[in-house]
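Please read the structure below before turning to the comments.
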Amino acid sequence: MIIKYRRIAILIIACLFFSINGFCLGVSPAVVCISGVEIGEDKNTGFDYVVSNDAENEQEFTLDVILPVMPSDESLKGYSKLPDLSWLYLEKTNLIIPAKSTGTSRIHIKIPRNDKYYNQHWAVSCHIVQKGNSFVNAAVAPFIMIETRSKENPAERPYGEFGITPGIIGVELRDFKNKKVSFKIYNNSDKDCVYKIKSFIPDAESKNAKISPSDNFEWINEAKWIKPEVDSLKIRKGEDKTVEVEIKLPEDFKISEGQKGLEVLIFIESDKKEKRFVRVLLVK
């Protein structure tokens, strides 16, 4: 059974620190992924940046939303830069923090109401810098990933040079071992394009920031169990095509207690090396 699955999860990775001349600035989190974001709503994420002032005196900090420096991990290549920086904003863009204390600023997301913004994976950074007259001021730039809500049949073609629908495919495992599902690739560019397609599992051993599985899901053991029927596909400009994905699980396949299910990514890469991905969730 194919089900509609709305992924709502927040990934948090530790802190960033900057230390100079005995002064230490700390910001948490270093990396955050906010998923299931609805378009047309002013979303209070319920999530704060926490800025730590380790100095012996009061310090002032500015917080600005900026274009991201994309991390190197291969799993994050499927995120593109947020089209409009005003879509993510902070409640406070200036913090005055007492010595040995912390300040906070709440993250909000407001994406315009248009169906083309469903099924998107975007990235942005927040530049947090100590104000002062020093030759070198402490600064950090934590990384934010935004995944808008998955929608199978949006009224508009997806935003970008190329797009995919849906962003998430949820499959209930109750009564099957083998099944086919599908997603669609849209060529919105001004030329014909060949797309490479493959199943992908992020490297669990990587120490870099990387894409995370959905809440209470784990990456599947073998990407080959969920495999696109083609590894490349030519699509004429302005057109779209459907890609079939075969799910073929071993006889002894099972999902551990306490988990909702297992997950794999389908990565799609264009001639221009742009990437998108679809999450395939095997739901217990």
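Here the sequence shown is numbered in this note's numbering, starting from 806 and rising by one per residue.
All residues carry an ideal CB built from backbone N, CA and C; glycine is no exception.
Name the two residues that bound the continuous beta strand (DSSP E) containing residue i.
{"i": "TRP1024", "result": "1022 to 1024"}
{"i": "THR909", "result": "906 to 915"}
{"i": "ARG1084", "result": "1080 to 1088"}
{"i": "PRO1033", "result": "1031 to 1033"}
{"i": "ALA841", "result": "Going by the sequence as given, residue 841 is Gly instead of Ala. Looking at the DSSP string, the run of the beta strand (DSSP E) that includes GLY841 is 836 to 842."}
{"i": "ASP1057", "result": "It is not in any beta strand (DSSP E) - ASP1057 carries neither H nor E in the DSSP assignment."}
{"i": "ASN849", "result": "847 to 858"}
{"i": "TRP892", "result": "Unbroken run through TRP892: none, as it is neither H nor E."}
{"i": "ALA928", "result": "926 to 935"}
{"i": "ILE901", "result": "899 to 902"}
Cα separation between residue i and residue j?
{"i": "LEU1054", "j": "VAL837", "result": "32 angstroms"}
{"i": "LEU1087", "j": "LEU1070", "result": "11 angstroms"}
{"i": "LYS1065", "j": "ILE1025", "result": "12 angstroms"}
{"i": "LYS1078", "j": "ALA860", "result": "44 angstroms"}
{"i": "ASN958", "j": "LYS848", "result": "23 angstroms"}
{"i": "GLY827", "j": "LYS905", "result": "The pLDDT assigned to GLY827 is 43, lower than 50, so where the model puts this residue is not dependable; a value taken from the coordinates is nonetheless given after this. One C-alpha to the other measures close to 13 angstroms."}
{"i": "VAL1050", "j": "ARG979", "result": "19 angstroms"}
{"i": "VAL941", "j": "GLN935", "result": "Confidence at VAL941 is low in this model, with a pLDDT of 44, below 50, so its placement is unreliable and no value can be given for it."}
{"i": "SER987", "j": "THR1047", "result": "7 angstroms"}
{"i": "GLU863", "j": "VAL855", "result": "16 angstroms"}
{"i": "LYS1080", "j": "LYS984", "result": "26 angstroms"}
{"i": "LYS1029", "j": "SER1004", "result": "7 angstroms"}
{"i": "LYS886", "j": "PRO903", "result": "34 angstroms"}
{"i": "ASP1076", "j": "SER1017", "result": "26 angstroms"}
{"i": "PHE1082", "j": "ASP869", "result": "28 angstroms"}
Is the Cβ-Cβ distance between residue i and residue j less than 8 angstroms?
{"i": "GLU1068", "j": "ARG1084", "result": "yes"}
{"i": "TYR991", "j": "ASP1045", "result": "yes"}
{"i": "ILE914", "j": "VAL842", "result": "yes"}
{"i": "ALA891", "j": "TYR923", "result": "Position check: residue 891 holds Ser in this sequence, whereas Ala was assumed. Result no, Cβ atoms of SER891 and TYR923 do not sit closer than 8 angstroms."}
{"i": "LYS1039", "j": "LYS996", "result": "no"}
{"i": "GLY845", "j": "ARG911", "result": "no"}
Identify which residue in the options has its Cα closest to the Cα of residue i.
{"i": "PHE852", "options": "TYR894, GLY1043, SER1019 and ASN958", "result": "TYR894"}
{"i": "MET875", "options": "VAL929, GLY975, ILE973 and LYS1003", "result": "VAL929"}
{"i": "ILE969", "options": "GLN864, GLY883 and ILE839", "result": "GLY883"}
{"i": "PHE1022", "options": "ASP869, GLU879 and LYS1059", "result": "LYS1059"}
{"i": "ILE1006", "options": "SER994, SER1019 and GLU1027", "result": "GLU1027"}
{"i": "ILE951", "options": "SER1037, LYS989, ASN858 and PRO873", "result": "PRO873"}
{"i": "GLN925", "options": "PRO971, ILE871 and LYS1001", "result": "PRO971"}
DSSP has residue i in a bridge; who is on the other side?
{"i": "MET875", "result": "Bridge partners of MET875: none, in fact."}
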